[in-house]
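Below is one structure; the comments refer to it alone.
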Amino acid sequence: MEEDSIIYIIEKPKYQNFGNTTVLDEISVSSSNYKNGTADSGYLTENITGVGLWGKRSLQDTPYSMTVIPQELIENVQAKDMQQIFKMNATTQEAARAAYGNGDNSQVIMRGFGVANPIINGISYANGNTSIPMMQDIERVEIISGATGFLYGGGRVGGAVNYITKKPITKDLRNISIGSYGNESYYTHLDLGGQFNEDNTVGYRINGFYQDGELPNESEKEQKAISLVFDWKPTDNFYTDIKYSYKDTLTKGATTDFSTWGSEKLDRASITKNKSYNPDWLESEIKSNKIENNIRYDINDIFTLRTNLFYENMKHRGDYSELVVSNGIVKGNYNSYFARGTWSKSKNYGANLFLDSKFDTGNISHILTTGYSLSSTNNYRSSDSWAYYDFIDDISLNDLKNFAKPDDSLWRNNGIIGTQQRELDSATKYKNILIGDDIVFND
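Take the sequence shown: its position 309, counted from the start at 1, is 309 in the UniProt record's numbering, and no numbers get skipped.
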């Protein structure tokens with residue numbers, strides 16, 4: 001056969017008959033062009049970057065239920081958020097959009113439990129008040145189904161989602177993409193990478209993204225994001241990188257919640273999924289600054305030290321509506337309301353420190369890993385964070401999009417929010433000591 005101007009001659013197998021059995025000659029099929037995680041390979045990825053205290057390893061040698069979503073799949077489906085990915089994966093169920101006023105981290109249902117605390121580059125977050133990486137900066141998503149407390153500590157019952165971001169590469173990369181998420185929402189993405197010197201000891205990766213316009217669900221979203229990562233590889237046994245990322249997202253026509261207060265049942269027939277019914281003056285906004293560091297040091301043939309840490313400072317605010325709907329009508333008489341939120345702040349930080357020790361006992365090989373992990377979050381709010389507008393009269397659900405912004409005097413507390421100083425509202429911290437032995441009985 002002929003492919004790419006190269007002619008392959010394949011000898012027809014010879015049939016050999018042994019009684020009632022037909023034996024064919026062996027045919028060996030191989031390809032030097034096979035690449036992990038590509039469409040040609042069925043998006044199959046053969047290894048993971050790590051799970052819990054364990055470092056990089058083959059997916060086949062990982063004794064947990066795991067799924068890896070590669071970068072090429074994310075790009076090919078033009079995923080604008082993680083909900084599109086969760087719907088495609090067999091072990092995750094789409095739950096809801098990001099919680100109003102608490103960042104843009106999307107909750108997911110795994111084995112019947114809500115999982116809100118993300119893991120980013122192997123570092124566990126203490127709660128869901130955070131900003132996940134922009135979709136264009138995600139190298140892969142590693143999803144583990146089942147209990148993960150023995151790997152990451154508390155906070156995740158049904159499973160865990162680990163977002164792995166892009167790192168510098170040895171070849172020069174110059175990519176620019178322009179596209180649309182549908183309706184009038186257009187975006188531009190810039191991806192640059194390479195090395196600063198011929199020795200490939202100092203590399204860089206830059207991702208920039210801008211999005212603006214009305215999405216298919218009739219909400220409007222503007223997003224500006226950038227990530228900068230630089231690595232240093234002075235020797236074969238030492239690697240470190242430092243990363244800074246910034247995200248600024250504004251969504252108009254923010255979250256709509258449907259309630260079942262009193263005797264009213266949820267009117268599913270009147271509600272269109274993935275549609276924003278809220279007026280544009282209900283907004284959700286986040287501003288996130290984050291810095292990360294990763295180190296790997298092969299001390300000798302026996303010991304390897306691995307560390308990574310991050311710090312994030314995020315401001316966020318979010319409006320929403322709580323609606324009781326019956327026969328396509330939003331019920332008034334104080335059953336439904338709008339809510340406006342002022343700026344809140346979250347400070348997230350975490351760190352991992354692991355030491356791997358390689359040794360043998362007879363014919364049995366060991367990699368004994370001991371380590372410590374820490375994750376913490378502090379959330380700050382003012383005492384006048386919220387203002388509410390109660391619906392007095394009924395209104396058609398389909399007319400809600402054009403609802404004019406009420407005068408401040410019609411809101412509770414005259415619509416005054418954010419005049420008080422932000423104070424610590426909640427704090428969560430996890431500290432974990434981990435030890436594990438990776439045992440291989442044979443090759």
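Ideal placement from N, C-alpha and C gives every residue a C-beta, glycine not left out.
Check whether residue i and residue j have beta carbons under 8 Å apart
i	j	result
N402	P279	yes
N308	N352	yes
V161	V229	no
T67	T91	yes
K431	L374	yes
R340	I433	no
I138	I206	no
P216	G182	yes
T369	W54	yes
V324	S385	no
D241	N294	yes
L190	Y277	no
T201	R140	no
K224	D248	yes
Y187	F209	yes
residue 446	F86	In the structure as shown, the chain begins at 1 and stops at 443. Residue 446 is therefore absent and cannot be evaluated.
K171	G194	yes
I119	M82	no
L250	E285	yes
G155	M110	no
S177	Q211	no
I302	S357	yes
residue 457	T255	What is shown of the chain runs 1 to 443, which leaves residue 457 out entirely.
A39	N89	no
Nearest-angstrom beta carbon gap, residue j and residue i [assumed within contact, 8 Å]
i	j	result
L282	Y246	With a Cβ gap of about 25 Å, L282 and Y246 do not count as contacting.
N327	D267	6 Å
I164	S65	Wrong, their Cβ atoms sit about 18 Å apart, outside the cutoff.
residue 446	I226	Shown here, the chain extends from 1 to 443; a query on residue 446 therefore has no answer.
I392	G332	5 Å
G37	Q71	7 Å
residue 522	G114	Only positions 1 to 443 of the chain appear in this structure, which leaves residue 522 out of reach.
R174	L151	That belief does not hold up - the Cβ atoms of R174 and L151 are roughly 38 Å apart, past 8 Å.
D437	R381	In fact, because the Cβ distance is near 44 Å, the residues do not count as touching under 8 Å.
Beta bridge counterpart(s) of residue i as assigned by DSSP
i	result
G307	Before going on, a small fix: residue 307 reads as Thr here, not Gly. DSSP, once it has assigned bridges, lists I295, L353 as partnering T307.
S336	Answer is none; S336 lacks a bridge partner.
F113	M110
P70	R140
S396	I329
Y320	A339
D437	L368
N47	S58
M88	M88 pairs with nothing; no bridge assigned.
L190	I176, G208
Y163	I120, V141
Y430	S375
K345	K315, Y380
L424	Y380
G103	T130
7 Å CB neighbourhood of residue i in its chain, flanking five on each side removed
i	result
F441	I364
S5	For S5, the predicted structure reports a pLDDT of 48, less than 50, and the residue's modelled location is therefore unreliable. The matter cannot be settled from this model.
N129	N102, G103, S346, T377, N379
I299	L305
N414	D408
K275	N217, E218
S58	E46, N47
Neighbourhood of residue i by C-beta distance below 6 Å, restricted to the same chain and skipping five residues each side
i	result
K315	K287, W343, K345
Y204	P168, F230
G50	K56, G122
F238	Y297
Y388	Y337, A339, R412
K233	T201, Y239
I435	T370
F196	V202
A427	N378
Residues near residue i in its chain [Cβ-Cβ closer than 8 Å; skip 5 each side]
i	result
E3	Caution applies to E3, whose pLDDT of 49 falls short of 50 and renders its modelled position unreliable; the value that the coordinates give is listed next. The answer is none, since no qualifying residue turns up.
G350	I123, S124, Y125, A126, L309, F310, S373, L374, S375, S376
V330	L323, V324, S336, F391, D394, I395, S396, L397, L400
S383	Q420, E423
A404	P279
Neighbour flag for residue i against chain D, beta carbons, 8 Å
i	result
H366	Given the protein chain composition of this structure (a single chain), no chain D is represented.
Cβ-heavy atom distance, residue i to the ligand PLP, below 7 Å
i	result
S276	Absent from the structure shown: the ligand PLP. Ligands present: none.
Alpha helix (DSSP H) runs contained entirely in the segment 348–393, provided each spans 4 or more residues: The qualifying runs do not exist here; there are none.
Continuous beta strand (DSSP E) assignments of at least 3 residues falling wholly in the segment 192–261: You should have 202–212, 220–235, 238–252, 256–258.
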